[in-house]
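Visitor: Structure provided below as structure tokens; questions to follow.
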Amino acid sequence: MNKTLLSQEWQLLQNQFDSYEKHSLYIKLVCIILFSFLIGKLPLIILILLVIILWLQDAIWKTFQARIEIRLLSVEKSIVSNSDLTEFQFNTHYLNNRTGVSGLIKEYLSNMFRPTIAYPYALILVILGIV
């Protein structure tokens with residue numbers, strides 16, 4: 195284990211983790227703006243589909259972020275405990291733990307319903323009267 199390399203990996207992963215958070219907020223903002231401008235101008239089903247598509251996109255984005263978080267926490271633990279962890283193995287770790295297409299879809303859908311992801315999409319659907 196090379197602490198310098200692990201520290202570099204941590205910095206890279208932390209920057210990416212924060213970037214994913216910002217982009218998730220952008221997706222939410224786009225949804226709110228589109229909803230605000232399009233309500234009453236498009237058929238209800240189109241608005242509902244638009245909200246659901248953006249909600250799922252946000253969930254997919256947050257799933258990617260969660261993968262970064264897993265590696266980030268492993269790197270942090272290794273730096274503190276001096277445990278043996280090979281540097282820069284993010285993709286290798288992911289490939290070794292892949293769950294296949296059905297597992298991936300389950301992961302996306304389960305992330306959709308986490309409160310921090312479901313907001314504001316579920317609230318918009320409530321406003322539209324479908325929940």
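Read left to right, the sequence shown gives residues 195 to 325 (our numbering). Think of the CB as a built atom: it goes at the ideal place given N, C-alpha and C, for glycine as much as any other residue. Since we're looking at a predicted model, the values are computed, not measured.
Among the candidates GLU270, VAL224, ASN290, PHE229, whose CA atom is the shortest distance from the CA of ASN196?
Guide: Among GLU270, VAL224, ASN290, PHE229, the Cα nearest to that of ASN196 is on GLU270.
Visitor: Below 8 Å on the Cβ atoms is my contact criterion, and I expect LYS266 with GLN208 to pass it. Report the Cβ-Cβ distance as a whole number of Å.
Guide: Looking at the sequence provided, one finds Leu at residue 266 rather than Lys. Contact flag correct, Cβ pair sits at about 6 Å.
Visitor: For TYR214, I'd like the list of residues in its chain whose CB is within less than 8 Å of its CB, leaving aside the five on either flank, ordered along the chain.
Guide: So the list reads TRP255, LYS256, PHE258, GLN259, ILE262, once near-sequence residues are dropped.
Visitor: Please look up how many angstroms separate the CB atoms of LEU250 and MET306, rounded, as I've assumed it's under 8 Å.
Guide: Contact holds; Cβ gap of about 6 Å.
Visitor: With burial defined as no fewer than 16 other Cβ atoms inside 10 Å of the residue's Cβ, what is the status of LEU200: buried or exposed?
Guide: Under this definition LEU200 is a buried residue.
Visitor: Which whole runs of the alpha helix (DSSP H) in the region 283–313 are 4 residues long or more, in chain order?
Guide: Qualifying alpha helix (DSSP H) stretches, in chain order: 284–290, 294–306, 309–312.
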